[in-house]
Amino acid sequence: VFLLRSSASAEVVNHVRRLSTTSTKNVKVAVCGASGGIGQPLALLLKQSPLVTKLSLYDIVHTPGVAADLSHIDSPAVTSGHNGPENLKDALSGMDVVIIPAGVPRKPGMTRDDLFNTNASIVRDLAEACAKYCPKALIGIISNPVNSTVPIASEVLKKAGTYDKRRIFGVTTLDVVRSNAFIAEAKKLDPRKVNVPVIGGHAGITIIPVISQATPSVSFEKNQLEALTLRIQDAGTEVVKAKAGSGSATLSMAYAGARFAFSLCKAINGESNVVECAYIASDITESPYFATPIKLGKDGVADNLGLGKLSSYEQDLVQAAIPELQKSIKKGEDFVNKSS
Ligand code: NAI
3 VFLLRSSASA EVVNHVRRLS TTSTKNVKVA VCGASGGIGQ PLALLLKQSP LVTKLSLYDI
63 VHTPGVAADL SHIDSPAVTS GHNGPENLKD ALSGMDVVII PAGVPRKPGM TRDDLFNTNA
123 SIVRDLAEAC AKYCPKALIG IISNPVNSTV PIASEVLKKA GTYDKRRIFG VTTLDVVRSN
183 AFIAEAKKLD PRKVNVPVIG GHAGITIIPV ISQATPSVSF EKNQLEALTL RIQDAGTEVV
243 KAKAGSGSAT LSMAYAGARF AFSLCKAING ESNVVECAYI ASDITESPYF ATPIKLGKDG
303 VADNLGLGKL SSYEQDLVQA AIPELQKSIK KGEDFVNKSS
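What follows is the structure in structure tokens.
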């Protein structure tokens with residue numbers, strides 16, 4: 003009787019476990035570049051969320067310390083640190099989401115494209131590792147120049163035969179977060195209630211806040227609108243200047259990167275109506291990659307929501323951005339295809 007009982011109760015325990023695995027939402031997230039200015043606060047935000055059950059921290063330096071430190075936080079995510087390329091297999095195997103903030107940031111006077119020479123090969127190598135060890139992961143790239151690093155990673159995955167255009171994203175969430183903050187400030191609104199889509203890319207004139215589609219609806223005089231648009235496009239440089247040589251946005255980027263990663267986690271868990279703007283492979287314009295609002299699903303992009311109705315000012319911004327985007331995309335693609 004005892005044996006029967008215990009096997010029956012074991013069955014119940016297993017059933018509950020099965021149920022709780024489906025409802026406790028196991029999502030394994032890796033951060034590559036986890037010891038950096040963005041990586042550390044991003045890892046902290048991910049660690050404190052119950053959406054993340056495993057947190058894998060990869061960098062070429064300092065990950066044992068960062069992981070040991072975070073692992074003492076009393077939240078469920080099991081945290082591990084992996085240092086150096088020989089440990090990429092352990093860092094990435096089984097990951098559902100990989101967020102990449104690896105690479106050098108800007109110093110005053112630099113454009114994002116000035117980072118190309120250093121960051122292109124970092125992103126290429128990490129994409130190769132993703133293709134090998136977690137080919138089904140959703141990949142969010144933060145490393146600049148995003149307009150080129152997303153095409154670089156995509157070409158690498160194509161070569162490896164694991165490319166799925168739904169699974170790779172340039173993280174442009176910080177542009178949305180900044181737009182929300184600046185518009186809330188200008189109109190004295192609660193920033194948590196403001197949402198402004200940002201389309202195009204992630205550098206200078208390719209950053210296009212679609213203020214005409216803001217919720218709640220807002221309106222500005224022409225010069226105020228132009229000044230606000232310019233401030234959003236140059237907001238990264240505002241931080242680079244203020245940090246005076248010590249780097250670019252890290253804390254706001256960590257916040258934005260965590261928001262994007264959580265949206266991916268929610269979509270993986272089947273939550274509906276998860277929408278984020280991101281820079282993805284796209285046939286919405288003549289630029290082969292373009293950021294627009296996207297409905298996310300468990301396999302990444304479920305639906306590209308497109309440009310929506312743009313004002314004529316915004317249409318002009320899109321036209322100005324396209325040649326610049328095409329140039330950055332070609333530079334990224336050539337880096338992978340012409341150097342091998
Ligand atoms: P950081 O220099 O503080 O940290 C970069 C980290 O990457 C370092 O810990 C470094 O050891 C690591 N790293 C270097 N090579 C690596 C490799 N091969 N594999 C793994 N890790 C490697 O720089 P920060 O401030 O964290 O910025 C990181 C990147 O994010 C920069 O490229 C920056 O331009 C970009 N960024 C992007 C934003 C966006 O909106 N998408 C906003 C702000 C920054």
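Residue numbers (UniProt numbering): 3 to 342. Virtual Cβ for every residue (Gly too), placed ideally from N, Cα, C. Being a predicted model, the structure only gives us computed values, none of them experimental.
Top-ranked residue by Cα proximity to F292, from C267, I324 and A304: I324
D116, DSSP secondary structure in three states: Note: D116 maps to helix in three-state DSSP.
Alpha-carbon to alpha-carbon, V100 and S145: 13 Å
Where V303 falls, given that 16 or more other Cβ within 10 Å makes a residue buried: buried
With 16 other Cβ atoms within 10 Å as the buried cut-off, status of V29: buried
Beta-carbon proximity of V68 to D76, cut-off 9 Å: no
Residue burial classification, Q226 (beta-carbon count within 10 angstroms, cutoff 16): exposed
Minimum C-alpha distance to G202 - residue among T287, M112 and D98: T287
Secondary structure of S37, DSSP reduced to three states: Under the three-state reduction of DSSP, S37 is assigned to coil, being neither helix nor strand.
N121 Cβ short of 8 Å to the ligand NAI heavy atom set: yes
Reduced DSSP secondary structure (H/G/I, E/B, other) of A269: helix
Integer-rounded CB distance, given that R108 should sit under 8 Å from S250: 5 Å
Buried versus exposed call for M114 [16 or more other C-beta atoms within 10 Å across all chains shown]: It is Arg, not Met, that sits at residue 114 in the sequence shown. Buried: at least 16 other Cβ atoms inside 10 Å.
Residue nearest to L327 in terms of C-alpha spacing, selected from P211, L128 and P153: Comparing Cα-Cα distances from L327 to each of P211, L128 and P153, the minimum goes to P153.
Distance, K91 Cα to I102 Cα: 16 Å
P107 CB to nearest heavy atom of the ligand NAI below 8 Å: yes
D61 - containing beta strand (DSSP E), residue span: K56 to D61
Counted within 10 angstroms of its Cβ, other Cβ atoms place K49 as buried (16 or more) or exposed: buried
Classification of T23 by the beta-carbon crowding that lies within 10 angstroms, buried from 16 upward: Since pLDDT at T23 reaches only 45, below the 50 mark, its modelled position is unreliable, and no value is offered.
Alpha helix (DSSP H) segments (min. 4 residues) lying fully within the region 209-255: If we require 4 residues or more, the alpha helix (DSSP H) runs fully inside the region 209-255 come out as 224-235 and 237-245.
F171 versus Y281, A322 and E335, residue with shortest Cα-Cα distance: Answer by Cα proximity: Y281.
Residues that DSSP places opposite L291 in a beta bridge: The sequence given here has Tyr at residue 291, not Leu. The partner list for Y291 (beta bridge, DSSP) reads A283.
N-terminal and C-terminal residue of the alpha helix (DSSP H) that S330 is part of: S314 to N339
Those runs of the beta strand (DSSP E) which lie wholly inside the region 145-203 and span at least 3 residues: 170-172 and 200-202, all fully within the region 145-203.
The ligand NAI heavy atom lying under 8 Å from the CB of N146: yes
When V148, L312, L128 and P66 are compared against S95, the one with the closest alpha-carbon: It is L128 whose Cα lies nearest to the Cα of S95.
DSSP-derived helix/strand/coil call for L47: helix
Status (buried if at least 16 other CB within 10 Å, exposed otherwise) for A205: buried
At least three beta-carbon pairs within less than 8 Å, the region 227-234 to the region 261-270: no
Straight-line gap, A188 to V277 (C-alpha atoms, nearest Å): Going by the C-alpha atoms only, they are around 25 Å apart.
Bounding residues of the beta strand (DSSP E) (the contiguous stretch that carries A302): Looking at the sequence shown, residue 302 is not Ala but Gly. Start and end: G302 to N306.
Buried versus exposed, by CB contacts within 10 Å (16 or more), H74: exposed
I124 and C132 closer than 9 Å at C-beta: no
Whole-angstrom C-beta distance between C267 and L59, which should lie under 8 Å: Not really, about 17 Å apart at Cβ, beyond 8 Å.
Status (buried if at least 16 other CB within 10 Å, exposed otherwise) for D98: buried
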